[in-house]
Amino acid sequence: MRFTNILFTVSFILLVSCTSKADPEIVSIETIENNLLPGLLIEGEEVEGMNIQKRMEHYQVPGVSIAFLNEGKIAWAKGYGYTSSDSSRLVDKNTLFQAASISKPVAALAALALVEEGKIGLDEDVNRYLEGWQVEENNFTLEERVTLRRILSHTAGLTVHGFGGYASGEDVPDIIQVLNGEEPANSGRIYPDTTPGVQYRYSGGGYTIMQKMLTDVTGKNFPELMEESVLSKIGMEHSTYEQPLPEAYRENAAFGHRADGRMVEGNWHTYPEMAAAGLWTTPSDLLKYAMEVQKSYVGESNQILSQEMTKEMLTPQMNGHALGPGTQGSGKHIAFGHGGANEGFRCNLQAFTRLDQGVVIMTNGDRGGELMNEILRSFSKLYEWDIYKPSMKSIASLSEEELNRLAGQYKASYQGNEYIFQISVLENHLEGIQLWDKLSFEFYPESANRFFNKDDGTGFEFSEDENGVLTGITIYDGSRQYFFEKN
1164 MRFTNILFTV SFILLVSCTS KADPEIVSIE TIENNLLPGL LIEGEEVEGM
1214 NIQKRMEHYQ VPGVSIAFLN EGKIAWAKGY GYTSSDSSRL VDKNTLFQAA
1264 SISKPVAALA ALALVEEGKI GLDEDVNRYL EGWQVEENNF TLEERVTLRR
1314 ILSHTAGLTV HGFGGYASGE DVPDIIQVLN GEEPANSGRI YPDTTPGVQY
1364 RYSGGGYTIM QKMLTDVTGK NFPELMEESV LSKIGMEHST YEQPLPEAYR
1414 ENAAFGHRAD GRMVEGNWHT YPEMAAAGLW TTPSDLLKYA MEVQKSYVGE
1464 SNQILSQEMT KEMLTPQMNG HALGPGTQGS GKHIAFGHGG ANEGFRCNLQ
1514 AFTRLDQGVV IMTNGDRGGE LMNEILRSFS KLYEWDIYKP SMKSIASLSE
1564 EELNRLAGQY KASYQGNEYI FQISVLENHL EGIQLWDKLS FEFYPESANR
1614 FFNKDDGTGF EFSEDENGVL TGITIYDGSR QYFFEKN
């Protein structure tokens, strides 16, 4: 480790020790708020923690709500900013946000409770339980069937990754129209297009099939079922699966915002796909879900599931995904959780099975994902977690000639539209501008042809032909790749 990184560690410890006589809860909050970290640290550069309010401004996220679980109880919960960009109403710990895909692991509790009651088979064909609509039978389902286990773990081979929701004033489809992809539904038909049980592929469509199945089996509408079987049992009193959001909840609900800070038209979208994306809740309520899972896992509380079923629920199937939650980490740092992304909202829940710790962050902005990762790294640093740790890179030294060679325009075509990526030289690194939306970012060399963005680690690789002539650039954004040809 470089000397400057040691300096950061020392200063971090001093921040805590100098305030050790203060309330430990206040120390924790202030330390988290002022030590947000990027996803990438540079060898030889001093690391300076970032302030949460300044990063909210940077990402144009008006409001954030955080709740932290420590030693088996909610240690603190706090709101930041505003419920909307044009409001003076502050976010507090009871402000409701759309949980988006965190709806899925909460809904999974209701499904697995019905399994324990003997009303649904975890590994049975779901068509046994569906009434008035059936999963299409085709060549992919001849040998393997769509089951609840496979739906919960995203291994059922089903279509439709996620849902866009419905803006204010738009017609909202019923669940049959969603399943069939019929107007006014804005998503495709949900059916198996790969063999069930063969591969992991995320499918909100599968959870919509599960929603239909649970209501068919119980004879109850989905919000009522979730309230009775999950929410009320564990004290999630500021939560509802009702869609659209009932008037009684609206006064303390956050409004969604686009990446450029504009408010979502009509404040938020409606999601009839309730099991997949329909939960409105607070970070504190989601920690009540996390606490129940933690306690049930060790046999201390089994208000919804038995210890055996909870362990089954948290057993990874494929790609680290269990029966509802995702999992990551190892040893005592194994975490269960889920992220969420609805129109204008981003959120994240992470909790540990053995540490009695967890955190939920909810935001009302489309760039909240980047902000939440910085906040999670602050938690990871303070509590020495093995997840959400920044990676480390070193910057290579390239000559002005080597950098100038890479400057210029690069183009890509998609669905009949042309996209131009403009690259220019800034001292010892490069700047890229997406001419179609004017977004710009800087990236630094780690070799003659490979570069990276300091903020999020996005990779850039320049390619050449056999004669050494520059041909294009590939951008690596997580699991996605985009190639731009040299213009």
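Under our numbering, residues 1164 to 1650 are what the sequence shown spells out, in order. Beta carbons: idealized from backbone N, C-alpha and C, even for Gly. Quick caveat, the model's predicted, so the values are computed rather than measured.
Helix, strand or coil at residue i [DSSP, three-state]
| i | result |
| --- | --- |
| aspartate 1286 | coil |
| arginine 1313 | helix |
| arginine 1643 | strand |
| lysine 1236 | strand |
| threonine 1318 | coil |
| isoleucine 1653 | There is no way to answer for residue 1653, as the model of the chain reaches only from 1164 to 1650. |
| serine 1266 | helix |
| methionine 1399 | coil |
| glutamine 1362 | coil |
| histidine 1420 | strand |
| alanine 1348 | coil |
| leucine 1177 | Because leucine 1177 sits at a pLDDT of 42, beneath the cut-off of 50, its placement in the model cannot be relied upon, and the following sentence gives the value as read from the coordinates. In this structure, leucine 1177 counts as helix in the three-state DSSP scheme. |
| valine 1227 | strand |
| glutamate 1414 | coil |
| glycine 1631 | coil |
| serine 1248 | coil |
| glycine 1242 | strand |
| isoleucine 1638 | strand |
| leucine 1199 | strand |
| glutamate 1648 | strand |
| lysine 1184 | Since pLDDT at lysine 1184 reaches only 49, below the 50 mark, its modelled position is unreliable, and no value is offered. |
| threonine 1194 | helix |
| proline 1409 | coil |
| alanine 1330 | coil |
| asparagine 1257 | coil |
| asparagine 1343 | helix |
Nearest-angstrom Cβ-Cβ length linking residue i and residue j, presumed shorter than 8 angstroms
| i | j | result |
| --- | --- | --- |
| serine 1228 | methionine 1426 | No, serine 1228 and methionine 1426 are not in contact; Cβ-Cβ is about 18 angstroms, not under 8 angstroms. |
| serine 1264 | glycine 1487 | Between glycine 1487 and serine 1264 the Cβ distance is about 11 angstroms, and since that is not below 8 angstroms, they are no contact. |
| alanine 1485 | serine 1316 | 7 angstroms |
| isoleucine 1314 | isoleucine 1372 | 6 angstroms |
| glycine 1369 | leucine 1305 | At roughly 19 angstroms, the Cβ-Cβ gap does not stay under 8 angstroms, so glycine 1369 and leucine 1305 are not in contact. |
| isoleucine 1215 | lysine 1617 | 19 angstroms between Cβ atoms; not a contact. |
| serine 1554 | leucine 1203 | 6 angstroms |
| valine 1289 | methionine 1389 | In fact, because the Cβ distance is near 19 angstroms, the residues do not count as touching under 8 angstroms. |
| glutamate 1648 | alanine 1575 | 7 angstroms |
| threonine 1318 | tyrosine 1365 | Wrong, their Cβ atoms sit about 10 angstroms apart, outside the cutoff. |
| phenylalanine 1260 | asparagine 1527 | 6 angstroms |
| leucine 1311 | alanine 1270 | At roughly 12 angstroms, the Cβ-Cβ gap does not stay under 8 angstroms, so leucine 1311 and alanine 1270 are not in contact. |
| alanine 1438 | phenylalanine 1385 | 7 angstroms |
8 angstroms Cβ cutoff, residue i in contact with chain B
| i | result |
| --- | --- |
| leucine 1566 | No chain B is part of this structure, which consists of one protein chain only. |
N-terminal and C-terminal residue of the alpha helix (DSSP H) that residue i is part of
| i | result |
| --- | --- |
| glycine 1367 | 1367 to 1381 |
| leucine 1450 | 1446 to 1460 |
| alanine 1438 | 1437 to 1440 |
| tyrosine 1222 | 1215 to 1222 |
| tyrosine 1546 | 1531 to 1546 |
| phenylalanine 1303 | No alpha helix (DSSP H) holds phenylalanine 1303; DSSP gives it neither H nor E. |
| proline 1386 | 1385 to 1389 |
Host beta strand (DSSP E) of residue i (start-end)
| i | result |
| --- | --- |
| asparagine 1511 | 1508 to 1515 |
| leucine 1204 | 1203 to 1205 |
> Using 8 angstroms as the Cβ pair cut-off and three pairs as the minimum, do the stretch 1277 to 1284 and the stretch 1434 to 1448 touch?
Replying inline: In short, these stretches do not touch, since the Cβ pair count stays below three.
> For the 8 angstroms Cβ check, are there 3 or more pairs between the stretch 1192 to 1206 and the stretch 1541 to 1553?
Replying inline: The stretch 1192 to 1206 vs the stretch 1541 to 1553: in contact.
> On the three-pair Cβ rule with 8 angstroms, is the stretch 1399 to 1412 touching the stretch 1218 to 1233?
Replying inline: Taking 8 angstroms as the limit for Cβ pairs, the verdict is that the stretch 1218 to 1233 does not touch the stretch 1399 to 1412.
> Quick one: any contact between the stretch 1236 to 1245 and the stretch 1456 to 1473, if contact means 3 or more CB pairs under 8 angstroms?
Replying inline: They do not touch, by the three-pair rule.
> What are the uninterrupted segments assigned as alpha helix (DSSP H) that are 4 or more residues long and contained completely in the stretch 1551 to 1629, given in chain order?
Replying inline: Correct list: 1563 to 1567.
> Of all the beta strand (DSSP E) runs that stay within the bounds of the stretch 1463 to 1502, which reach a length of 3 or more residues?
Replying inline: Entirely contained in the stretch 1463 to 1502, the beta strand (DSSP E) runs reaching 3 residues are, in chain order, 1489 to 1491.
> Touch check for the stretch 1627 to 1642 and the stretch 1207 to 1220: three-plus C-beta pairs under 8 angstroms?
Replying inline: No, the stretch 1627 to 1642 does not touch the stretch 1207 to 1220.
>> Under 8 angstroms: do the stretch 1599 to 1617 and the stretch 1554 to 1566 share three or more Cβ pairs, one atom per stretch?
In response: Yes, they touch.
> Do the stretch 1319 to 1338 and the stretch 1428 to 1436 touch if we need at least three Cβ pairs shorter than 8 angstroms?
Replying inline: Segment contact: the stretch 1319 to 1338 against the stretch 1428 to 1436, three or more CB-CB distances shorter than 8 angstroms; contact assigned.
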